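In this note's numbering, each number is its position in the sequence shown, counted from 1, plus 5.
For glycine and all other residues, C-beta sits at the position ideal for the given N, C-alpha and C.
None of the values given here were measured: they were computed from a predicted structure.
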Amino acid sequence: MAGSYWRRALRNQRVAFAALFGATLLVASASAVVIGVIWVRGWRALSWEFLTAMPTQGMRAGGIFPAIIGTLELVGLTVLFALPMGVSAAIYLTEYAADSWVTRVVRLAIVNLSGVPSVVYGLFGLGVFVIFCGFGTSLIAGALTLAIMTLPVIITASEEALRSVPQSFREVSYSLGASRWQTVRHAVLPFAVPGIMTGTILGISRAAGETAPILFTVAAFYLPRLPHSVFDQAMALPYHLYVITTQIPNIPPGRRYGTALVLLLLVLSLNLSAVMLRAHFRRKRQW
Numbered sequence: 006m007a008g009s010y011w012r013r014a015l016r017n018q019r020v021a022f023a024a025l026f027g028a029t030l031l032v033a034s035a036s037a038v039v040i041g042v043i044w045v046r047g048w049r050a051l052s053w054e055f056l057t058a059m060p061t062q063g064m065r066a067g068g069i070f071p072a073i074i075g076t077l078e079l080v081g082l083t084v085l086f087a088l089p090m091g092v093s094a095a096i097y098l099t100e101y102a103a104d105s106w107v108t109r110v111v112r113l114a115i116v117n118l119s120g121v122p123s124v125v126y127g128l129f130g131l132g133v134f135v136i137f138c139g140f141g142t143s144l145i146a147g148a149l150t151l152a153i154m155t156l157p158v159i160i161t162a163s164e165e166a167l168r169s170v171p172q173s174f175r176e177v178s179y180s181l182g183a184s185r186w187q188t189v190r191h192a193v194l195p196f197a198v199p200g201i202m203t204g205t206i207l208g209i210s211r212a213a214g215e216t217a218p219i220l221f222t223v224a225a226f227y228l229p230r231l232p233h234s235v236f237d238q239a240m241a242l243p244y245h246l247y248v249i250t251t252q253i254p255n256i257p258p259g260r261r262y263g264t265a266l267v268l269l270l271l272v273l274s275l276n277l278s279a280v281m282l283r284a285h286f287r288r289k290r291q292w
């Protein structure tokens, strides 16, 4: 009887593993097909001029340099705003706030915010940062909008990373006379950095590829120069790709796929840099 039970359990386990492997293979195959199509149709457009020149002839020729720089500036400002706020909120919720109905409502709100469509964040940024705060369509308005959009991901990942640090680390620190902040600063936060970096990676990926929020807050159809301050408009790769795909007729298809390929490579490069940084911290902090 016991042998029959274990045989059924083993069979069910194999079926579950096979189903999970098939789902993983399906997702990986779809991603590979998308990347392969973009690469095959776009790599011929890549050149030094395409990456470093200004657009010309109504964006049918020249390069996409302003869009690349605008995207990097936008992502950098987004991380600058979102990371300190997200980590601080996670530290408070995990290490300081009592388990009450207020904190449960806050956590529920954070989870709900992660599912809000990006166009809603764009309208929020338009009303608050562009109009109410008087920033106009600018880098700072777009970065603040993207920062609010990525906060739920960073807060959730940071909370999980902080909770994963063993409670014994805190108890030893308290037994040595450390304050709560000293315990968080020296005994908890350094070991949670790899998990926090995971949330940051996800936030960067979403911020770099969004079109709707920057459409209302920062993106320009065309600029003959680079932005000089955070209060200037900027071109960005997602919006530029949307423009050349839907608004400009008779543009060579290679330029569209080339722009998409540059955006894809840029996001992958940012993610790879963050993954390497996370691995560096993980090697330094092990328990």
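Here Met281 is exposed: its Cβ has fewer than 16 other Cβ atoms, across all protein chains shown, within 10 Å. Taking a C-beta distance under 8 Å as the contact criterion, Thr203 and Pro243 do not qualify as a contact pair.
Secondary structure at Gly67: strand, using DSSP grouped into helix, strand and coil.
When secondary structure is reduced to three states using DSSP, Ala239 falls in the strand class.
Scanning Pro229, Trp11, Val80, Arg65 for the CA closest to the CA of Leu151 turns up Val80. Annotation for Thr203: the continuous alpha helix (DSSP H) segment containing it runs 194-214.
Taken atom to atom, the span from the alpha-carbon of Tyr262 to that of Leu77 is near 20 Å. Looking at the backbone, the Cα of Ala224 and that of Gly127 are separated by about 11 Å. In the displayed model, Ala103 falls within coil according to three-state DSSP, outside both helix and strand. The Cβ atoms of Ala241 and Ile201 lie no closer than 8 Å to each other. For Pro60, DSSP records a beta bridge to Gly67.
Residue range 123-130 is occupied by the alpha helix (DSSP H) that includes Tyr126. Counted as a single uninterrupted DSSP element, the stretch harbouring Ala225 is not any alpha helix (DSSP H), since DSSP gives it neither H nor E. Approximately 7 Å separates the beta-carbon atoms of Gly130 and Leu149; this is inside 8 Å, confirming the contact.
It is roughly 20 Å from the alpha-carbon of Ser278 to the alpha-carbon of Gly91.
Assignment of Val177 by DSSP, reduced to helix, strand and coil, places it in the helix class. Val177 and Ala95 have their C-alpha atoms spaced approximately 22 Å apart. Where Leu151 is concerned, the enclosing alpha helix (DSSP H) starts and stops at 144-169. Residue burial annotation: Asp104 is exposed, with fewer than 16 other C-beta atoms found within 10 angstroms of its C-beta. For the set Val133, Ile160, Phe134, Gly68, the Cα lying nearest the Cα of Val111 is the one of Ile160. Put simply, the backbone Cα of Leu56 is about 28 Å away from that of Phe86. Pairing Leu144 with Glu165, the inter-Cα distance amounts to about 31 Å. Within the same chain, and ignoring the five residues on either side of Gly47 in sequence, the residues whose Cβ sits closer than 7 Å to its Cβ are Gly259, Tyr262, Gly263, Ala265, Leu266. Each of Ala284, Leu268, Asn276, Arg283 was checked against the Cα of Ile43, and the nearest Cα belongs to Leu268.
The Cβ atoms of Val133 and Gly141 lie no closer than 8 Å to each other. With a beta-carbon spacing of about 6 Å, Gln238 and Leu228 fall inside the 8 Å limit used to define contacts.
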